[in-house]
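Numbering (the working numbering), first residue to last: 1343 to 1689.
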Amino acid sequence: MTTTARAYAATSATEPLIATTIERRDVGPRDVLIDIAYSGVCHSDIHTVRGEWGPITYPQVVGHEIVGTVSEVGADVTRYAVGDRVGVGCMVNSCRECVNCLAGMENYCLKGNTQTYTSIDRDGTVTQGGYSTHVVVTEDFVLRVPESIPFEAAAPLLCAGITTYSPLAHWNAGPGTKVAVVGMGGLGHLAVKIAHAMGAEVTVLSQSLSKQDDGLRFGADHYYATSDATTFDTLANTFDLVVNTVSAPVDIQAYLSLLRLDGTIVNVGAPAEPLPVSVFALMGNRRSFAASGIGSISETQEMLDFCAEHNISPEIELIAAADINAAYERVLTSDVRYRFVIDASTI
Ligand code: NAP
Ligand code: ZN
Ligand code: ZN
């Protein structure tokens, strides 16, 4: 039997999100039904509903930072039971056959993973995201949320947490490395906390110094304003790794100049526009320009456990669902401190 879920949906690229209902599929043999408790608000949700990454089919429910409680399991489910505290991130399935899936990196599925929203699901319907009261997900794409992480604060880890943890781990952030985080919003503030917990020396590069106290409290060792042109001279040839979380295009050459020999800038921010890179900026200091997309399911569980062990908890503003449109406007003006999370009981 399908489940009727309450939800907030976009009906066009320009209209505010509105309350509605959607049908969640029958709980299949390997599926779990999750009663959603909290849902984070990612800038990707905004890029998506406003059509910035290309046209989508409306109405569309977004949200891919989901935490909740299992309320029903299919007959063949082995990993979860009713009552478990679980999470769902940016993907809900993948082909499971390609070389990347077989290597355990479903986030890089060569056939394209099934995203939590806007993807065509195996039953042919368009996936609908987490701004909702219920979701049905195959158990292989469900995460266990450690008890020690406050439930509402855990939600942003499912996208912002894994998206920053994965490149920090891949490029070996740790003792003796210097990491810069560009942009201190949802992703950026978690990049600071995680890189600090990994033992790296962390520098925030924000548009202004208005959030400096917070940045230092989150574990940054240094904090600079990118609006101050001397910042780029002061920090030239300094970092092993620059993690760019900015949602808009930035002058990538300026950030490349901050990398020391063999340093890497990894873009996790995802503006629609291309970021032009000068070969000469790379050639000096043998620099690399990379990008990274979320993380695998096993790495997401590793990140959740890492955050529990290191007492890392996202900074959130809990909102009622009806406040979602105002929250979007605040994200767009970098006025988010540091992640909006929807209380699903208000949907
Ligand atoms: P967010 O909360 O809005 O944070 C972005 C931050 O970038 C802002 O807080 C601001 O930081 C800075 N910023 C914004 N506009 C800027 C501009 N015009 N110039 C310079 N800096 C600017 O967004 P988010 O949720 O963290 O997401 C960030 C980006 O990552 C989005 O593009 C999102 O789609 C993308 N994303 C990618 C993945 C992935 O898998 N790669 C996953 C999730 C999200 P300051 O105020 O400190 O300057
Ligand atoms: Zn996201
Ligand atoms: Zn695959």
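Quick reminder that beta carbons are idealized off the backbone N, C-alpha and C, glycines included.
Here the structure is a predicted model, which means the values were calculated and not measured.
Quiz prompt | Same chain, Cβ closer than 7 Å to I1504, five either side skipped, listed in chain order | solution = G1431, I1636, G1637, E1641, T1642 and M1645
Quiz prompt | Residue ranges of each beta strand (DSSP E) within the region 1532-1619, 3 or longer | solution = List check, beta strand (DSSP E) in window: 1543-1548, 1564-1567, 1581-1586 and 1601-1609.
Quiz item: Can you tell me where the beta strand (DSSP E) with T1346 in it begins and where it stops?
Solution: T1345 to A1351
Self-check item: Rounded separation between R1421 and A1511 - CA only
Solution: Their backbone Cα atoms lie some 26 Å apart in a straight line.
Quiz prompt | Which listed residue (E1357, F1631, T1353 and T1363) has its alpha carbon closest to that of T1345 | solution = T1363
Quiz item: S1386: beta carbon under 7 Å from a heavy atom of ligand 2?
Solution: Flag set: Cβ of S1386 near ligand 2.
Quiz item: Just curious, the beta strand (DSSP E) that I1684 is in, first and last residue?
Solution: R1681 to D1685
Quiz item: What's the C-alpha gap between E1481 and R1464?
Solution: 15 Å
Quiz item: For ligand 1, is there a heavy atom less than 7 Å away from the beta-carbon of S1461?
Solution: Incorrect: S1461 has no Cβ contact closer than 7 Å to ligand 1.
Practice problem: May I ask you to report which of helix, strand or coil DSSP gives N1667? | Solution: helix
Quiz prompt | Assumed close pair T1456, V1434 - CB separation to whole angstroms, cut-off 8 Å | solution = 5 Å
Exercise. Flag this pair as yes or no: are the beta carbons of A1614 and E1394 separated by less than 8 Å?
Key: yes
Self-check item: Whole-angstrom C-beta distance between V1478 and V1369, which should lie under 8 Å
Solution: 6 Å
Quiz prompt | For L1660 and G1382, the rounded distance between their alpha carbons | solution = Those two C-alpha atoms are separated by around 9 Å.
Practice problem: Pull up the distance between the alpha-carbon of Y1565 and that of W1513, whole angstroms please. | Solution: 21 Å
Exercise. Pick out whichever of T1587, R1602 and A1650 has its Cα sitting closest to the Cα of A1633.
Key: It is T1587.
Quiz prompt | Which residues DSSP lists as bridging R1486, in chain order | solution = Under DSSP, the beta-bridge partners assigned to R1486 are V1428.
Quiz item: I1684 and Y1380: beta carbons closer than 8 Å?
Solution: Judged by their CB atoms, I1684 and Y1380 are nearer to each other than the 8 Å cut-off.
Exercise. Mark D1373 as exposed unless 16 or more other C-beta atoms lie within 10 angstroms of its C-beta, in which case mark it buried.
Key: buried
Quiz item: Which ranges would you report for the beta strand (DSSP E) in the region 1366-1441 if only whole runs of at least 3 residues count?
Solution: 1373-1382, 1408-1415, 1427-1430 and 1433-1435
Self-check item: According to DSSP, residues forming a beta bridge with V1621
Solution: According to DSSP, which records beta bridges pairwise, V1621 is partnered with nothing at all.
Quiz prompt | Cβ shell of N1609 (< 6 Å), same chain only, five flanking positions each side left out | solution = N1586 and A1633
Quiz item: If you measure from the beta carbon of T1458 to each beta carbon in chain C, is any gap under 8 Å?
Solution: Considering every chain present, this structure includes no chain C. It has just one protein chain.
Self-check item: Residue environment, R1559, which counts as buried when at least 16 other CB atoms sit within 10 Å
Solution: exposed
Exercise. Consider the C-beta atom of N1442 and the heavy atoms of ligand 3; say whether any pair is separated by less than 7 Å.
Key: Flag set: Cβ of N1442 near ligand 3.
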